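**Q**
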Amino acid sequence: MFCLQLPPGCDELHHEVELGVVISKTGASIAESNAMDYVGGYALALDMTARDLQNKAKKLGQPWTLAKGFDTALPVSRFISKTEIPQPDNVHLWLKVDGELKQDGNTRDMIFTIPYLISYISQSMTLEEGDFILTGTPEGVSEVKPGQTIACGLGDKIDMTFPVVL
Numbered sequence: 001m002f003c004l005q006l007p008p009g010c011d012e013l014h015h016e017v018e019l020g021v022v023i024s025k026t027g028a029s030i031a032e033s034n035a036m037d038y039v040g041g042y043a044l045a046l047d048m049t050a051r052d053l054q055n056k057a058k059k060l061g062q063p064w065t066l067a068k069g070f071d072t073a074l075p076v077s078r079f080i081s082k083t084e085i086p087q088p089d090n091v092h093l094w095l096k097v098d099g100e101l102k103q104d105g106n107t108r109d110m111i112f113t114i115p116y117l118i119s120y121i122s123q124s125m126t127l128e129e130g131d132f133i134l135t136g137t138p139e140g141v142s143e144v145k146p147g148q149t150i151a152c153g154l155g156d157k158i159d160m161t162f163p164v165v166l
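Sequential numbering from 1 applies to the sequence shown in my numbering.
1. Ends of the alpha helix (DSSP H) at L127?
2. Of the choices T113, Q123, E139, V165, whose alpha-carbon is the least far from that of M36?
3. According to DSSP, is I28 helix, strand or coil?
4. On the criterion of 16 or more Cβ atoms from any shown chain inside 10 Å, does C152 qualify as buried, or is it exposed?
5. Using 10 angstroms around the beta-carbon of S122, count the other beta-carbons present and answer buried if the total reaches 16, otherwise exposed.
6. Going by Cα to Cα distance, which pick from L93, N34, T161 is closest to L134?
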């Protein structure tokens, strides 16, 4: 069984449920109007952040790599085809900690649309087949502790559950 593990030196681990976008083909300087042509599908993602490590890095002017890139930091669901989510701009995202609803949102409330994100990113870097873009998280991000269980989902399409361990 996959477990979410606190990274070394972390005392404050936060959850962020997100819709992930899987890129289907190479593209650079993609126009927003054509951006959805580069989407192969989606996945449910749980973006974990070692908040105390992130704050320390911020204060020192250092990158957030350790706060976002530790082992178990980003569990991802199975691939979800575009046909399974025909309206990615209207998808329910939710997350519970020990059965208590913490995040309950919809992609229609995102600050940036998927086409905008793809276009914006592709202005600075070439997107390649298989690249994975996280779209942002609904309000309700909170801390989790060892011994708790996180469950998250993407509407009724898919859900994932993980225990949090040391």
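Glycine included, every Cβ here is placed at the ideal spot set by N, Cα and C. Treat the numbers as computed from the prediction; the structure is a model and nothing was measured.
**A** On the basis of the data shown:
1. Along the sequence shown, one-based indexing puts residue 127 at 127. Looking at the DSSP string, L127 is not in any alpha helix (DSSP H), and its letter there is neither H nor E.
2. One-based indexing of the sequence shown puts residue 36 at position 36. The residue among T113, Q123, E139, V165 with its C-alpha nearest the C-alpha of M36 is T113.
3. On the sequence shown, residue 28 is found 28 positions in, with the first residue counted as 1. According to the sequence shown, residue 28 is Ala rather than Ile. Assignment of A28 by DSSP, reduced to helix, strand and coil, places it in the coil class.
4. Here residue 152 corresponds to residue number 152 of the sequence shown, with the count starting at 1. Taking every protein chain shown into account, the CB of C152 has 16 or more other CB atoms within 10 angstroms, so this residue is buried.
5. Translated into the one-based positions of the sequence shown, residue 122 becomes position 122. By the 10 Å Cβ count, S122 comes out buried.
6. Position 134 of the sequence shown holds residue 134. Nearest of L93, N34, T161 to L134, Cα basis: L93.
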